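Before any comments, here is the structure.
There are 2 protein chains.
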Amino acid sequence: MAKPKKQPRPKAVTPKGFRDYFGAEVTQRTEMLRAIAGVYHRYGFDALESSGVETVEALGKFLPDVDRPNEGVFAWQEDEGDWLALRYDLTAPLARVYAQHRNDLPTPYRRYAMGPVWRNEKPGPGRYRQFYQCDADTVGSASMAADAEICAMLSDTLEAVGIPRGDYVIRVNNRKVLNGVLETMGLADTAQRDAVLRTIDKFDKVGETGVRELLGKGRLDASGAYIDGVGLAAEQAEPVVAFLTSGGSSTAETLDNLRRAVGSSETGARGVDELQQIADLLAAQGYGRDRIVIDPSVVRGLGYYTGPVYEAELTFEITDEKGRPRQFGSVAGGGRYDDLVKRFTGQEVPATGISIGVDRLLAALREKGRLRTAEQGPVVVTVMDRDRMADYQSMVAELRQAGIRAEVYLGNPKNFGNQLKYADRRASPVAIIEGADEKASGVVQIKDLILGAEIAENATLEEWKERPSQFEVKRGDMVVRVREILSGHQQS
Amino acid sequence: MAKPKKQPRPKAVTPKGFRDYFGAEVTQRTEMLRAIAGVYHRYGFDALESSGVETVEALGKFLPDVDRPNEGVFAWQEDEGDWLALRYDLTAPLARVYAQHRNDLPTPYRRYAMGPVWRNEKPGPGRYRQFYQCDADTVGSASMAADAEICAMLSDTLEAVGIPRGDYVIRVNNRKVLNGVLETMGLADTAQRDAVLRTIDKFDKVGETGVRELLGKGRLDASGAYIDGVGLAAEQAEPVVAFLTSGGSSTAETLDNLRRAVGSSETGARGVDELQQIADLLAAQGYGRDRIVIDPSVVRGLGYYTGPVYEAELTFEITDEKGRPRQFGSVAGGGRYDDLVKRFTGQEVPATGISIGVDRLLAALREKGRLRTAEQGPVVVTVMDRDRMADYQSMVAELRQAGIRAEVYLGNPKNFGNQLKYADRRASPVAIIEGADEKASGVVQIKDLILGAEIAENATLEEWKERPSQFEVKRGDMVVRVREILSGHQQS
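In order, the protein sequence lines correspond to chains A and B. Residue 393 in my numbering sits at position 379 of the first sequence; the count goes up by one each step and never skips. Residue 398 in my numbering sits at position 384 of the second sequence; the count goes up by one each step and never skips.
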């Protein structure tokens, strides 16, 4: 008789591009989200949590001819026929929520949202297919005061999560100014206009000279390939370059430069006026150029937004994986997008907002040494006598009631060395030992594991004798003495 | 020429069985999760956050012949062929994580996890296809001390989130005791055994008499349909009934009853012994029967778990949607499942844990009036003169710097009535008014909206005059006076 074929064991792996987060990675993110929510709340923003799943229709991805609309999103078809997908950001769900509930929501509606989003993209180093976003948006206000408020709030938020003033800058640009610039250029057609927009997008990478080349005849790129240019004459390209490089040493100078760059374009003038309003409102509240600056060289998002565009950048240097210093770069971005809800209702609803890349912010704080990489572990009560588990449980209960993180060893207690190894792996500051002798004398042994590790590493024999890392205390003094040790370590 | 067909507008709707959460619904859940995490952390449990997406293989759903393995889960196929799915609980991901990372994790591994899970099930009233779970599990310990600890922690957790002692009870049962009972019955075959298990599952609904009938000849159910019975003789069914009804007026009595019910079965004796150990450990820590009770009538989960089973129930009555009083019921459940990791590694790894239904707990607190249903809104600074937006922004900035939630009205300021309607919709406690006259005299008007609403509802004309809900203060006193009003309302 043939043996029944054995079912192979499933592989215990995260799907490609996903990862697990342990301990401090989780709690630090939770704390950061809490700090951000605190600022958002103080600014009058209300929490909104939509589900991770939306209809593909509401997300704005349209079914292609192929089997599944899975370009960039994770999508599947319901049995009854609806296509569903995981949200890829928090803005598309906001548009759907606002259109659906607009009669019950205040106008303007200030809301914040935080949670995971999913992208069906090729994962790379440090790039995951699930990550956190943390957004705040004001829907239903066309006032530049809404934009200024978002910038001020972003500045307050960065400081609240531990980025000191001077270590970040928020740059503000405006799509209308760019539109004005494009108007003055008298471009031949939409194709040429789009080519110019694509070129501007590369300003971050290729700089002023590169942009000039790409707007003109073309450019030899770093890999040696020749990139065809847009084919504009040098003077026709000039307004774009003037726009991108119009940042001056004061806001007034920058705005003057921008006014020149947009020439007689009404749209352009409106854009410069919007930037002026934002700058004035922020100045009145004391947000100077050390925190928020009008900077036309910000190009990220200019293709997407319809008015002001914001970007928060960390200005300190970090060391990259190859040991080279580099700027940390962008941690948040946003802007005004006045056609948010139009897809659903046909009505234009002005909106402006920001999205903070929480995981990047956490990475920045970690690289600057501003977040502990590991939490302090719990006090471990060891098990010397497995029949007296109730005694050990009472000890941890006492410690916990005193607010001290504590646990009893729950593995096989036979080998005491394993219990100390466990305490080590748990990064425990203190171990408690109560054998039969201690029990009989009404005492416990307290082992200061942090001091013990220090002594083991550095101390001479004399010091070793003078500073015992293990000592006996009365059972009734256990909690008090443990607390002393813990507060000592927190201070050092 | 035919008109191009107009693209229909997308519908702004949540997918069937999903919903949006607004304001206090979100922040109260966040605060509850924080309170729970605080207790879990103090007990030495470490945070774990895995992604919402797992391979179907790791989740343990096997591909059927049909197109998609979508029985109960949301699943889709990757372009390269892997089937992925949204997690349906937090236990299956724990098994995968432990198998994948076991060499880097402490043994035993205490972990907690909280977050949304997804079920591809038919939605019903109050039943959604995305909901939160909040789990704590100890992996790698076979000791009953681990189970006792989970029960104690669950008790502490319920009290920490605002369920007072007396309003809940945690019931503990044991699958091994049931196995012992089944052994003593000498059942004919597996089919009969399974039929008995299914019957026990109905004990909650049909009670002792119902179970007797269903184990015997059968039973006429409420709808008038006749349900066939298992066909046991009355005395053969007796051990099951004895098991289910063996709860006594003391733990000792209950355990004695159980010892009798399992007769000579070794498995059964082991199960009773486990319950005894748990009861002793809990008693030693002061957790009495008012909090945690050995109760063999708990049948939920008995089919799934392999040892102790726990269930937390709220014991107070609420009024259901039809106005009838009923018990609120279960808010958490768990137990021991010793084959958690075996699917992946072939090794048996003992594990025990609990899952708290956070949304049900929140609903319970709301129904008992222990959670405010709406948050207090922000102070609203109205806009009397749209050219002085900078002044109004400075006011909100001052209020926020004093820790007061505040916002400026960002809608069209032309109609002042709309601004007050907005403040009302925002549940604002206070509105600030500064027109040109006030500005010239260096004052602002403060409108106490809560007092105003009270007066409008109840006051006589005399009281109205005596207690003005709107008054003038010096601009420099604005923050102090607003704070006075807010703290007055908090006290009342």
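Note that CB positions come from ideal geometry on N, CA and C, so glycine has one too. Given the structure is predicted, the values throughout are model-derived calculations rather than measurements.
| Check | Outcome |
| --- | --- |
| For A/Asp-181, collect the residues of the same chain with a Cβ closer than 7 Å to its Cβ; drop the 5 residues on either side in sequence, then sort them by chain order. | Leu-328, Thr-329 and Phe-330 |
| Got a sec? Which residues, its chain only, sit under 6 Å from B/Glu-197 by beta carbon, not counting five neighbours each side? | Ser-279 |
| Any residues in the segment 353-378 of chain B with a beta carbon nearer than 7 Å to a beta carbon of chain A? Which ones, in chain order? | Arg-357, Phe-358 and Gly-360 |
| Is the distance from the Cβ of B/Gln-291 to the Cβ of B/Met-158 below 9 Å? | yes |
| For A/Ile-464, which residues in the same chain have their Cβ closer than 7 Å to its Cβ, ignoring the five residues on either side in sequence? | Pro-443 and His-503 |
| Quick check: the Cα distance between A/Pro-24 and A/Ala-150, rounded to an integer number of angstroms? | 41 Å |
| Could you tell me whether the segment 24-34 of chain B touches the segment 97-115 of chain A, using the rule of 3 or more Cβ pairs below 8 Å? | yes |
| Just the Cα atoms here: how many angstroms apart are B/Thr-41 and A/Gly-224? | 49 Å |
| Does A/Val-410 pass the burial test, meaning 16 or more other C-beta atoms within 10 Å, or should it be called exposed? | buried |
| How about B/Ser-64: is its C-beta nearer than 9 Å to some C-beta of chain A? | yes |
| What residues match up with A/Phe-485 in a beta bridge as DSSP calls it? | A/Ile-460 |
| In whole angstroms, what is the alpha-carbon distance linking B/Gly-37 and B/Thr-44? | 11 Å |
| List, in order along the chain, the chain B residues whose C-beta lies closer than 9 Å to that of A/Phe-430? | Within chain B, no residue comes near A/Phe-430; the closest Cβ sits about 15 Å away, beyond 9 Å. |
| Taking B/Leu-547 as the reference, which of B/Asn-193, B/Glu-267 and B/Gly-138 has the closest Cα? | The requested residue 547 of chain B is not part of the displayed model; chain B covers only 15 to 506. |
| Chain B partners of A/Thr-121, CB-CB under 8 Å? | Gly-425 and Tyr-436 |
| Can you tell me which of the three DSSP states A/Pro-83 falls into? | The predicted model places A/Pro-83 with a pLDDT of 45, which falls under 50 and marks its position as unreliable; any figure quoted below should be read in that light. Three-state DSSP puts A/Pro-83 in coil, outside helix and strand. |
| List, from N- to C-terminal side, the alpha helix (DSSP H) runs of 4 residues or more that fit wholly inside the segment 293-359 of chain A. | 356-359 |
| Between the C-alpha atoms of B/Glu-471 and B/Gln-484, what's the straight-line distance to the nearest angstrom? | 16 Å |
| Taking only beta carbons into account, state which residues of the segment 148-163 of chain B come closer than 9 Å to chain A, listed in chain order. | Thr-152, Gly-154, Ser-155, Ala-156, Ser-157, Met-158, Ala-159, Ala-160, Ala-162 and Glu-163 |
| If we require 4 or more residues per run, which alpha helix (DSSP H) segments fall completely within the segment 417-471 of chain B? | 430-439 and 450-455 |
| Report the residues of the segment 19-35 of chain A with a CB closer than 8 Å to any CB of chain B, ordered along the chain. | Arg-23, Pro-24, Lys-25, Ala-26, Val-27, Thr-28, Pro-29, Lys-30, Phe-32, Arg-33, Asp-34 and Tyr-35 |
| Looking at chain A, is there any beta carbon in it that lies within less than 9 Å of the beta carbon of B/Pro-392? | yes |
| Pull up the DSSP beta-bridge partners for A/Asp-96, would you. | Its beta-bridge partners do not exist; DSSP assigns none. |
| Note down the Cα distance separating B/Gln-433 from A/Ala-205, rounded to an integer number of angstroms. | 46 Å |
| Considering only C-alpha positions, which residue in the set A/Thr-152, A/Thr-121, A/Pro-139 and A/Leu-108 is nearest to A/Thr-366? | A/Thr-152 |
| I'd like to know if B/Ser-71 contacts chain A, where contact means its C-beta is closer than 9 Å to some C-beta of that chain. | The residue you asked about is not Ser; residue 71 of chain B is Glu in the sequence shown. Closer than 9 Å: yes. |
| Please compile the residues from chain A whose C-beta is within a distance smaller than 9 Å of the C-beta of B/Leu-295. | Met-403, Ala-404 and Gln-407 |
| Within 9 Å of any Cβ in chain A, is that where the Cβ of B/Gln-433 sits? | no |
| For A/Leu-395, write down the residues that DSSP places opposite it in a beta bridge. | At residue 395 of chain A the sequence reads Val, which differs from the Leu that was named. In DSSP, A/Val-395 forms a bridge with A/Val-422 and A/Ile-446. |
| So, at 7 Å on beta carbons, what are the nonlocal neighbours of B/Gln-250 in its own chain, with the 5 sequence-adjacent residues on each side left out? | Met-199 |
| Are the C-beta atoms of A/His-503 and some chain B residue less than 9 Å apart? | no |
| What residues from chain B crowd round A/Tyr-57, counting only those whose CB sits closer than 7 Å? | Arg-414 and Glu-421 |
| Run through DSSP, which three-state label would B/Asn-117 get? | helix |
| Please confirm whether B/Glu-135 and B/Gly-176 have their CB atoms less than 9 Å apart. | no |
| Drop a sphere of 10 angstroms on the beta-carbon of A/Glu-288, count the other beta-carbons inside from all chains shown, and report buried for 16 or more, exposed for fewer. | buried |
| Look at the Cβ atom of B/Met-398, then the Cβ atom of B/Ala-450, and state whether they are nearer than 9 Å. | yes |
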